[in-house]
Structures are given as structure tokens and as C-alpha cells.
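S.K.:
Number of protein chains: 2
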Amino acid sequence: MESQRQAEAGKTVQRQRWKQDPEGVRANILEVALKEFADRGLSGARMDEIAAKTRTSKRMIYYYFGDKDGLYRKVLEQTYRKVRTGEKELMLDHLAPKEALRRLTEFTFDHHSRNPDFIRIVMIENIHHGEYLKHSDLIRGLNQEAISRIEAIYDKGLEQGVFRRGCSPLAIHWLISALSFFNVSNRVTFSLLFGDALHNHAGQLDLRSQVADAVLRFVADE
Amino acid sequence: MESQRQAEAGKTVQRQRWKQDPEGVRANILEVALKEFADRGLSGARMDEIAAKTRTSKRMIYYYFGDKDGLYRKVLEQTYRKVRTGEKELMLDHLAPKEALRRLTEFTFDHHSRNPDFIRIVMIENIHHGEYLKHSDLIRGLNQEAISRIEAIYDKGLEQGVFRRGCSPLAIHWLISALSFFNVSNRVTFSLLFGDALHNHAGQLDLRSQVADAVLRFVADE
DNA sequence: ACGCATTTGTACTAAACAGTTAAAACAAAC
DNA sequence: GTTTGTTTTAACTGTTTAGTACAAATGCGT
Numbered sequence: 001m002e003s004q005r006q007a008e009a010g011k012t013v014q015r016q017r018w019k020q021d022p023e024g025v026r027a028n029i030l031e032v033a034l035k036e037f038a039d040r041g042l043s044g045a046r047m048d049e050i051a052a053k054t055r056t057s058k059r060m061i062y063y064y065f066g067d068k069d070g071l072y073r074k075v076l077e078q079t080y081r082k083v084r085t086g087e088k089e090l091m092l093d094h095l096a097p098k099e100a101l102r103r104l105t106e107f108t109f110d111h112h113s114r115n116p117d118f119i120r121i122v123m124i125e126n127i128h129h130g131e132y133l134k135h136s137d138l139i140r141g142l143n144q145e146a147i148s149r150i151e152a153i154y155d156k157g158l159e160q161g162v163f164r165r166g167c168s169p170l171a172i173h174w175l176i177s178a179l180s181f182f183n184v185s186n187r188v189t190f191s192l193l194f195g196d197a198l199h200n201h202a203g204q205l206d207l208r209s210q211v212a213d214a215v216l217r218f219v220a221d222e
Numbered sequence: 001m002e003s004q005r006q007a008e009a010g011k012t013v014q015r016q017r018w019k020q021d022p023e024g025v026r027a028n029i030l031e032v033a034l035k036e037f038a039d040r041g042l043s044g045a046r047m048d049e050i051a052a053k054t055r056t057s058k059r060m061i062y063y064y065f066g067d068k069d070g071l072y073r074k075v076l077e078q079t080y081r082k083v084r085t086g087e088k089e090l091m092l093d094h095l096a097p098k099e100a101l102r103r104l105t106e107f108t109f110d111h112h113s114r115n116p117d118f119i120r121i122v123m124i125e126n127i128h129h130g131e132y133l134k135h136s137d138l139i140r141g142l143n144q145e146a147i148s149r150i151e152a153i154y155d156k157g158l159e160q161g162v163f164r165r166g167c168s169p170l171a172i173h174w175l176i177s178a179l180s181f182f183n184v185s186n187r188v189t190f191s192l193l194f195g196d197a198l199h200n201h202a203g204q205l206d207l208r209s210q211v212a213d214a215v216l217r218f219v220a221d222e
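Note that the protein sequences, when read in sequence, are chains A and H.
Every letter in the first sequence is one number past the one before it in full-length UniProt numbering, and letter 184, counting from 1, is 184.
Every letter in the second sequence is one number past the one before it in full-length UniProt numbering, and letter 10, counting from 1, is 10.
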């Protein structure tokens, strides 16, 4: 009777037929790992926890990524890549320099705001003295583009006499990054110390516009 | 013969006479722990490592601070307190508003630059969603002062017609903090991606002045 | 039908780690 | 001189953690 039960059970339980989907599995692991690392930090994240949240197993993580560091490295690379490629949609060539710079700034502000996981990974990487980013060649190329984009706008603004001389595109990029980054990275502590006036919904809309003001005023002529 | 050796050794070893210095011991532990947490993060720091670097023992850490979280909490509080009190030296009342704001900005920029451990602790606290700062009442009071200081300068600037209306002291503080903070917090990754033009010695002097420019231009009239 | 890559699942190991135990000895204040 | 808080050791415990062993089965290109 017992064996019959098992036999029936064996029948009803569909033999788990699985597809081969290495890319899907890798992507799923990376997605879960990104969230977990971003949420708890590199040392804080637990491999068992990551494994449990994937649709696959711990065994597969080690199969594809070797060890925890290898996994983190891939998460880091993928995160940078995804965010940077997401920045390319912007068409600013046809706009007047001031308008182009405002759009770029507000776009960056929103973009960082929409990607807190990226911000947190960069924070974590800075905490770890950039030792993983150091050993990743893949990433460096992607970022010069950001500078070129600004340089194009700035040069045009100089020609038209609406921007002052003496600013460097790098410094302008730094300024935009700093404000957009800090807005996300320090949201928690800043809100705790000074209230959420800048970080509730209305506050963010206003702050974005003020950030764009700050950038424009920084490069403005006169 | 062997026992005689031991007896002689027993004589030569000076009975370790020690002083009671609870405050000194606590301070020493906190100092070491700050460096270790700032360097490796909360989960990354090791109690054994901290203990080894103190002039006392692991036992004493637990004697005074209970557990790792308790130690971190005290480090967090002390770090905020030390940095905030270090900001009070500034005498700006007698200066013209523009000059006062420039001095304040450049001071903050330098001050953060001189206290990378503080910056890193704040980063770590943000990574941990501020859960330790949340439960610390001690800290909140210290920070309103920063806003008042700016408000005084801003109001004076309005009276004299050198600042435009419509800026909030909170937003100005946010702006100064963002630029001064980001300069330290993201130094590593920014340098890796874009070179160290802004972060070598000459670059930092220039950047400080540009940051002050940005703040002044943000509030400037016309 | 062959071979290689992929997938499943569980139990395991070895190290790392936070926190404890125990018994003493000493300091300092009263 | 009694009491209370401080300091010294070094071994120890129990848990958490990254990473592995093992064994088998299926997918899929050729």
C-alpha cells in the first residue's frame, strides 16, 4: 500500500523537465546578487541568501561565477554597463547650449534617482578602495563619452557667448555627478538629520530644478 | 636545574603594575575601531583585528561596549560629535555675506577632506539605511546649527541686495555638503574612471575654489 | 548515439567569527 | 579594610559562512 502510494505520487509528480538556459540563469543570479550586494554590502551579503532568492541553486552560482568575489566583480561590471548604456538615449545636438545642459543635468538627476542600486554599488566600491574596479578594463572606455557629450555642449555655448571661459568639461561633469549622486547616496542620513523637505516628492522636483540652476549658473556668462 | 631557571625567570619578569584609566582605554578602543570600521565597513571589520590593534584586549572591548553593534554605535556618535564640534571655530559675523559664504564653503570642503574617516562612516551608515543613526537622539541637535549659520549669512546677503530671493538655507547647506562630501566619498572611483586631474594637489586647490564659485553663483543676485 | 555543457540536490567541511568563561590581581575611594 | 570597578590572560564555545563533494540526470548540437 505504501509502495502503491509512492508509485502514484511518482506518476502525478511531473518529471521535472528543465530547459537549458545558461544566459537566463546567469542573468537571474546577477539580478538577485545585485540587489543583495546593494542592500547589504559586499561582506554583508550572504551567498546562501542570494542562492535562496534565485530560481536556481548555490551550486550554480559557483558553477558560473567561481566564488563570491567573482560574482561581485560581474555584478559591478554589469551594473556600470547597464547604467552607462541607459544614458545614451539623449539627443541634445539640436538644442541651444543652455537648454541642452539643463536637460542633461535633469536627466542625470533622474537617472541616478531611478537607479539607487547602481549608486549603492559605487558607494560600496569606494568603501573597498576601488580594488575591484581597478582590475576591470571593460569599464573605463564607457565613461569618456560622458565628458565628450559635455564638451560638445560647452564649446557650442562658448561660441555663442552664453557660457564663460575657464570651465573644464571634466569639472562640469564632476559637478553634475556630485549633485545627482549625493542626492541618492546620502538621502537617508540627510533626511534623518534635517528632515525630508528635500526628499519628499515635491522636494525632489524642486531640488532637481535647483540643481540644474546651480549647474547653469556655474557656467553662465557674466 | 630547570626549576631554578623558571624561578629566576619568575624573579626577572617585573610584576606588571598597571594604572586604572577607563577613559583612556575607551578612547583608545574607539580610535582603533573608527579606523577599522572606516577602512573595512561594519560587516567587514573584525573584532579580533580591532582588539589586536588596541593597547588592551578583546575582553575589555566587550566589557565596555557589550557587542560589535554597541561598539559601532559609539563610534558613530563620537565621530559625528567630533566633526560637528570641529566646525564651530569659524567666525564669520564680521564678514560681508559673499565673503562669509565663500569662507564657509571652502572651510567645509577642507574640513571634509581632512576627515575621510568621518565621510566613510557616513557612507557606511547610509549603506545600512541609517538604522544606527535612527536610534541615536544625541546627534540630531548638533546639526541645526549648520543651517542657522547659513541662514544668518543668507539673510544679511538679502538685505544688502547681493543675494537673490528664493533660495532656502537648507538647500544651500545641501549644496555645500554635496560637493564637499562627494569630493571625498567618490574620489577613488572618479579618479579611476576619469584620471586624477581633480584630485591631485593642484587639482584640489582649484576644485575648492570652483566649488566656492558654484555656491556663490547659485545664490548671487542677477 | 555520442559527448559536452547544463542542471538538480543535499550533505558536508573547514575556517572564520562573535562572543564567553574563569580565576585572579590590582586600583581607588570611602 | 572593605567594596566596587578595572585589568590581565588565554583558552574555549557555538554559530555562521564560503565553498566543496558527490552522484545523477537531462538538454542539445553534431
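Ideal Cβ positions, reconstructed from N, Cα and C, are used throughout, including at glycine.
Ser-180(A) CB to nearest chain H CB: under 7 Å?
M.R.: No, because no Cβ of chain H sits closer than 7 Å to the Cβ of Ser-180(A).
S.K.: Does chain H have any CB closer than 7 Å to the CB of Thr-105(A)?
M.R.: Closer than 7 Å: no.
S.K.: In this structure, does DSSP put Ala-220(A) in helix, strand or coil?
M.R.: In this structure, Ala-220(A) counts as strand in the three-state DSSP scheme.
S.K.: Which residue comes first and which comes last in the alpha helix (DSSP H) that contains Phe-194(H)?
M.R.: Element bounds for Phe-194(H): 187-194.
S.K.: If the cut-off is 9 Å on Cβ atoms, which residues from the UniProt DNA-binding region "H-T-H motif" (46-65) of chain A count as contacting chain H, listed in chain order?
M.R.: Of all residues in the UniProt DNA-binding region "H-T-H motif" (46-65) of chain A, none has a Cβ within less than 9 Å of some Cβ in chain H.
S.K.: Starting from the N-terminal side, write out each stretch of the alpha helix (DSSP H) that is 4 residues or longer and does not extend beyond the segment 100-127 of chain H.
M.R.: As far as the segment 100-127 of chain H is concerned, its whole alpha helix (DSSP H) runs of at least 4 residues are 116-127.
S.K.: Whose C-beta lies closer than 8 Å to the C-beta of His-173(H) among residues of the same chain, with five residues either side of it excluded?
M.R.: Excluding positions up to five away in sequence, the list reads Ala-146, Ile-147 and Ile-150.
S.K.: Would Glu-125(H) count as contacting chain A if we go by Cβ distances under 7 Å?
M.R.: For Glu-125(H), the answer is yes, since a Cβ of chain A falls inside 7 Å of its Cβ.
S.K.: When you measure from the CB of Arg-40(H) to every non-hydrogen atom of the ligand MN, does any distance come out below 6 Å?
M.R.: The model on display carries no ligand, and the ligand MN is accordingly not part of it.
S.K.: If we define contact as Cβ-Cβ less than 7 Å, is Phe-109(A) a contact residue for chain H?
M.R.: Chain H contact via Cβ: absent.
S.K.: Skipping 5 residues on each side, what residues in its chain have a beta carbon closer than 6 Å to that of Asp-67(A)?
M.R.: Around Asp-67(A): no qualifying Cβ.
S.K.: Determine, using beta carbons only, whether Glu-87(H) and Ala-212(H) come nearer to each other than 7 Å.
M.R.: Against a cut-off of 7 Å, the Cβ pair of Ala-212(H) and Glu-87(H) comes out as no contact.
S.K.: Just tell me which of Phe-109(A), Lys-82(A) and Leu-101(A) has its CA closest to the CA of Ser-180(A).
M.R.: Among Phe-109(A), Lys-82(A) and Leu-101(A), the Cα nearest to that of Ser-180(A) is on Phe-109(A).
S.K.: Below 9 Å between beta carbons is the criterion; list the residues of the segment 186-203 of chain H that meet it against any residue of chain A, in chain order.
M.R.: Those residues of the segment 186-203 of chain H that come within reach of chain A (Cβ to Cβ, closer than 9 Å) are Asn-186, Arg-187, Val-188, Thr-189, Phe-190, Ser-191, Leu-192, Leu-193, Phe-194, Gly-195, Ala-197 and Leu-198.
S.K.: Write down the C-beta distance between Met-47(H) and Lys-35(H) rounded to the nearest angstrom, noting that I regard them as a contact closer than 8 Å.
M.R.: About 14 Å separates the two Cβ atoms, so there is no contact after all.
S.K.: Less than 7 Å between CB atoms is the rule here; does Arg-217(H) satisfy it with respect to chain A?
M.R.: It does; some Cβ of chain A falls within 7 Å.
S.K.: Which term fits Ala-89(A), buried or exposed, when burial requires 16 or more other beta carbons within 10 angstroms of its beta carbon?
M.R.: According to the sequence shown, residue 89(A) is Glu rather than Ala. Label assigned to Glu-89(A): exposed.
S.K.: What are the boundary residues of the alpha helix (DSSP H) that Glu-131(H) is part of?
M.R.: Taken as a continuous stretch (DSSP letters only), the alpha helix (DSSP H) holding Glu-131(H) covers 131-134.
S.K.: What does residue 224(A) reach in chain H if we use C-beta pairs closer than 7 Å?
M.R.: Nothing can be reported for residue 224(A), as the shown portion of chain A is limited to 1 through 222.
S.K.: To the nearest angstrom, how far is it from the Cα of Phe-194(A) to the Cα of Tyr-80(H)?
M.R.: In a straight line, the C-alpha of Phe-194(A) is about 14 Å away from that of Tyr-80(H).
S.K.: Does the segment 115-130 of chain H come close enough to the segment 157-177 of chain A to have 3 or more Cβ pairs within less than 8 Å?
M.R.: In short, these stretches do not touch, since the Cβ pair count stays below three.
S.K.: Using the three-state DSSP reduction, which class does Ser-3(A) fall into: helix, strand or coil?
M.R.: Caution applies to Ser-3(A), whose pLDDT of 34 falls short of 50 and renders its modelled position unreliable; the value that the coordinates give is listed next. Looking at Ser-3(A) - three-state DSSP - the assignment turns out to be helix.
S.K.: I'd like to know whether the C-beta atoms of Leu-101(A) and Ile-153(A) end up nearer to each other than 7 Å.
M.R.: Yes. Within cutoff.
S.K.: Using a Cβ cut-off of 7 Å (strictly closer), state whether His-112(H) contacts chain A.
M.R.: Closer than 7 Å: no.
S.K.: Determine the direct distance from the alpha carbon of Ala-202(H) to that of Val-215(A), and round the result to whole angstroms.
M.R.: Rounded to whole angstroms, Val-215(A) to Ala-202(H) spans 23 Å at the Cα level.
S.K.: Flag this pair as yes or no: are the beta carbons of Gly-70(A) and Ser-43(H) separated by less than 7 Å?
M.R.: Contact flag unset, no.
S.K.: If the criterion is Cβ atoms closer than 7 Å, does the pair Arg-217(H) and Arg-217(A) meet it?
M.R.: Yes, they are a contact pair.
S.K.: Just curious, the alpha helix (DSSP H) that Leu-90(H) is in, first and last residue?
M.R.: Careful: Leu-90(H) lies outside any alpha helix (DSSP H) and carries neither H nor E.
S.K.: In chain order, what residues of the same chain lie with their CB nearer than 6 Å to the CB of Ile-29(H), ignoring the 5 residues before and after it?
M.R.: Only Thr-54 and Ile-61 meet the Cβ criterion.
S.K.: With DSSP as the reference, identify every bridge partner of Phe-163(A), one or two as the case may be.
M.R.: Per DSSP, Ala-220(A).
S.K.: In this structure, does DSSP put Asn-200(H) in helix, strand or coil?
M.R.: The answer is coil: DSSP assigns Asn-200(H) none of H, G, I, E or B.
S.K.: To the nearest angstrom, report how far apart Asp-117(H) and Gln-20(A) are at their CA atoms.
M.R.: If you take the alpha carbons of Asp-117(H) and Gln-20(A), they lie about 48 Å apart.
S.K.: Could you spell out the range, first to last residue, of the alpha helix (DSSP H) harbouring Asn-28(A)?
M.R.: From DSSP, the alpha helix (DSSP H) with Asn-28(A) extends over 22-40.
S.K.: Mind pulling the chain A residues with CB within less than 9 Å of Val-83(H)?
M.R.: Neighbours of Val-83(H) on chain A: none; closest Cβ ~12 Å, over 9 Å.
S.K.: Can you tell me where the alpha helix (DSSP H) holding Asp-48(A) begins and where it ends?
M.R.: Where Asp-48(A) is concerned, the enclosing alpha helix (DSSP H) stretches over 47-53.
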